[in-house]
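S.K.:
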Amino acid sequence: MTDAKMKYGRDPEGDGSKAAEADPPAKGIVARRRTSSEIASPTAGWGLDLDDAPVRDAEFEDVVRRMLELVGEDPDREGLLRTPQRVANALTWLTRGYEAEVKDVVGNAIFEETHENMVLVRDIDLYSLCEHHMLPFFGRAHVAYIPDGKIVGLSKLPRIVDVFARRLQVQERLTEQIAQAIQDVLQPRGVGVVIEANHLCMMMRGVEKQNSRTITSALRGAFRTDAKTREEFLYLAHNSPMR
Ligand SMILES: [Zn+2]
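Just so you know, we're using this note's numbering here: the sequence shown kicks off at 865 and counts up by one.
1. If you measure from the beta carbon of Ser900 to each beta carbon in chain D, is any gap under 8 Å?
2. I believe His1063 touches Thr1039 by the beta-carbon criterion, under 8 Å. Please report the beta-carbon distance rounded to the nearest angstrom.
3. Give me, in chain order, the residues of the same chain whose beta-carbon lies closer than 7 Å to that of Tyr1009; leave out the 5 immediate sequence neighbours on both sides.
4. Thinking C-alpha only, which one of Val1016, Glu933, Ala1043 is nearest Ala973?
5. Where DSSP assigns a beta bridge to Ser992, which residues make up the other side?
6. In whole angstroms, what separates the C-alpha of Ala1082 from that of Val1071?
7. Since Leu945 is in the beta strand (DSSP E), which residue starts that stretch and which ends it?
8. Alpha carbon to alpha carbon, what distance is there between Glu937 and Phe924?
9. Between the stretch 1016–1033 and the stretch 945–961, can you find at least three pairs of beta-carbon atoms closer than 8 Å?
10. To the nearest angstrom, how far is the alpha carbon of Val969 from that of Pro1022?
11. Taking only the alpha-carbon atoms, compute the straight-line gap between Arg1094 and Val935 and give it to the nearest angstrom.
12. Excluding the 5 residues flanking Thr1080 on each side, which residues of the same chain have their C-beta closer than 6 Å to its C-beta?
13. For a test of the three-state rule: what should DSSP assign to Val1057, helix, strand or coil?
14. Would you grab the beta carbon distance between Ile1042 and Ala1005 for me? Rounded to a whole angstrom, and I think it's under 8 Å.
15. Just tell me which of Arg1031, Arg1069, Gly1013 has its CA closest to the CA of Asn981.
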């Protein structure tokens, strides 16, 4: 594990155990046979079908085929014939965050700026997969920071969210990783991230009320130390006009 990866981990105990657990799986990255760029992004016309990838992954498709058998299906029936290919493609595409790094996403979109007030991008659509069940959780992220001489192009904030959301995740770690990435990139006076999400692994099993949302936050710098800043951010984040 590299230091760069380590620092994105959650480590409330300070003993490194959580950070190690939180680290993106290096083994998985090595095992990754192809990149999502080999799979075309789905377009509206495709409906639910993720189209053929130019490069097939026979091993991945075999595993999905076996999963179909284990759930009691016949992988040779007509409707399932291309399912292993589609599932392999979909999972590769939905976990493309493993191929992305914040520094590449941000590029040179960092600018000197004396603006000293809070910058907030609210209601960033978020789709991720829970690492416990590999089922989707989805919702919105609200991301804010207070610049200290540097700002980042606003369109980059949703892309930073995606770098971490498009991996297997737990919502708590995802929230922390986004906050830490912005901290590292901008060294701002403070960072605040709130994520509100619905988890299909709970909803579909009826574990929680169908409409219960999980809310997590990660605060750095002034958002942590200054009550007024924190309140302003949480007020703005939680009073979305979209609901
Ligand atoms: Zn889950």
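Ideal placement from N, C-alpha and C gives every residue a C-beta, glycine not left out. All values reported here derive from a predicted model rather than from experimental measurement.
M.R.: Reading off the structure:
1. Absent from the structure is chain D; it holds one protein chain and no more.
2. Within the sequence shown, the letter at position 199 stands for residue 1063. Within the sequence shown, the letter at position 175 stands for residue 1039. His1063 to Thr1039, Cβ: 14 Å. No contact.
3. Here residue 1009 corresponds to residue number 145 of the sequence shown, with the count starting at 1. Result list for Tyr1009: Val983, Ile1046, Leu1050, Pro1052, Gly1054, Val1055, in chain order.
4. For the purposes of this step, residue 973 is identified with residue 109 of the sequence shown, where counting begins at 1. Selected option, being the one with the closest Cα: Val1016.
5. Taking the first residue of the sequence shown as 1, we reach residue 992 at position 128. Phe1001, per the DSSP bridge assignment.
6. Along the sequence shown, one-based indexing puts residue 1082 at 218. Along the sequence shown, one-based indexing puts residue 1071 at 207. Ala1082 and Val1071: Cα-Cα distance of roughly 25 Å.
7. Residue mapping note: residue 945 aligns to position 81 of the sequence shown, counting from 1. That residue, Leu945, is in no beta strand (DSSP E); it is neither H nor E in DSSP.
8. As a first step, residue 924 is located in the sequence shown; it is residue number 60 there, counting from the start. As a first step, residue 937 is located in the sequence shown; it is residue number 73 there, counting from the start. If I take the Cα positions, the gap works out to 18 Å.
9. Flag = yes, the stretch 945–961 and the stretch 1016–1033 touch.
10. Within the sequence shown, residue 969 is the residue found at index 105, counting from 1. Within the sequence shown, residue 1022 is the residue found at index 158, counting from 1. Approximately 10 Å between the Cα atoms of the pair.
11. Taking the sequence shown and counting its residues from 1, one reaches residue 1094 at position 230. Taking the sequence shown and counting its residues from 1, one reaches residue 935 at position 71. Roughly 48 Å between the two C-alpha positions.
12. Here residue 1080 corresponds to residue number 216 of the sequence shown, with the count starting at 1. Result list for Thr1080: Gln1035, Glu1036, Thr1039, Ile1059, in chain order.
13. Residue numbering aside, residue 1057 sits at position 193 when the sequence shown is read from its first letter. Val1057: strand per DSSP, three-state reduction.
14. Stepping through the sequence shown from its first residue, residue 1042 is reached at position 178. Stepping through the sequence shown from its first residue, residue 1005 is reached at position 141. About 7 Å; that satisfies the 8 Å criterion.
15. Residue numbering aside, residue 981 sits at position 117 when the sequence shown is read from its first letter. When each option's Cα is compared against that of Asn981, the closest is Gly1013.
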